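Chains as they are written, first to last, in the working numbering: chain A, 1 to 115; chain B, 1001 to 1114.
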Amino acid sequence: AQKVTQAQTEISVVEKEDVTLDCVYETRDTTYYLFWYKQPPSGELVFLIRRNSFDEQNEISGRYSWNFQKSTSSFNFTITASQVVDSAVYFCALSVSGGYNKLIFGAGTRLAVHP
Amino acid sequence: KAGVTQTPRYLIKTRGQQVTLSCSPISGHRSVSWYQQTPGQGLQFLFEYFSETQRNKGNFPGRFSGRQFSNSRSEMNVSTLELGDSALYLCASSWAGATNEKLFFGSGTQLSVL
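Okay, structure coming up:
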């Protein structure tokens, strides 16, 4: 069975602080994909990043960076110099081969960035 | 390019009724999937359709059903509504529903069952 755990339910930071959102996954499949989505108050989930199980290279996109470590089954997300617009719920998700868009989501982490 | 469109945005029903939700995917996308989001259970996969065929189904009772039309638009139906069906129902589309595809989500239909 597959499972995604986001232990942090809510995080509150002040603008310009760095913040890391944790994600731990479980799967016995050797081929899988990990995702991060952002859900603003409007409701729709917005894709942020995708990683496959064979690519452990970390990625940086502007203020966002992701650290994928198979040894600890983690796929953590860091926002550098947070801004108020980063306030949202962030979801980590897992998909495995043959799933046809079946994503297993973590419970989400609500991030509040205060001015 | 228009995004994923879901209608209606809000819906209020009473127990025992049935409801139909609609989803129009991004033009060219042939895979449509549905998710239920509740505070208690989080985001859960309902089912996925591609070329009018259901290819995958989550762990939901038979009261939850869906279909996809030849133009890729999709509907989901919930019969004999229960209070626990109150949720945000999200539709997502992608080109082919492959495991590695990113999904484009609509803003959802907020269903309240009284």
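Heads up, the beta-carbon is just placed ideally off N, CA and C, and yes, glycines get one too.
Being a predicted model, the structure only gives us computed values, none of them experimental.
Residue range of the beta strand (DSSP E) that Leu1083(B) falls in?
From DSSP, Leu1083(B) is part of no beta strand (DSSP E); its letter is neither H nor E.
For the region 39-60 of chain A, which residues have a beta carbon sitting closer than 8 Å to at least one beta carbon of chain B?
Ser42, Gly43, Glu44, Leu45, Val46, Phe47, Arg50, Asn52
I want to verify the contact list: residues of chain A whose CB lies under 7 Å from the CB of Ser1112(B), in sequence order.
Correct list: empty, because the minimum Cβ distance to chain A is about 15 Å.
Helix, strand or coil for Lys16(A), going by three-state DSSP, please let me know.
Reduced to three states, the DSSP call for Lys16(A) is coil.
For Trp1095(B), which residues from the same chain have a beta carbon less than 8 Å from its beta carbon, with the 5 sequence-adjacent residues on both sides left out?
Cβ within range, chain order: Gly1028, His1029, Arg1030, Ser1031, Glu1101.
Note down, in chain order, every chain B residue with its Cβ under 8 Å from the Cβ of Ser95(A).
Thr1099, Asn1100
Can you pull the DSSP bridge partners for Trp36(A)?
Ile49(A), Cys92(A)
Evaluate Val113(A) with the Cβ neighbour count: other Cβ atoms within 10 Å of its Cβ, from every protein chain shown; 16 or more gives buried, anything less gives exposed.
buried
In three-state terms, what does DSSP make of Thr1053(B)?
strand
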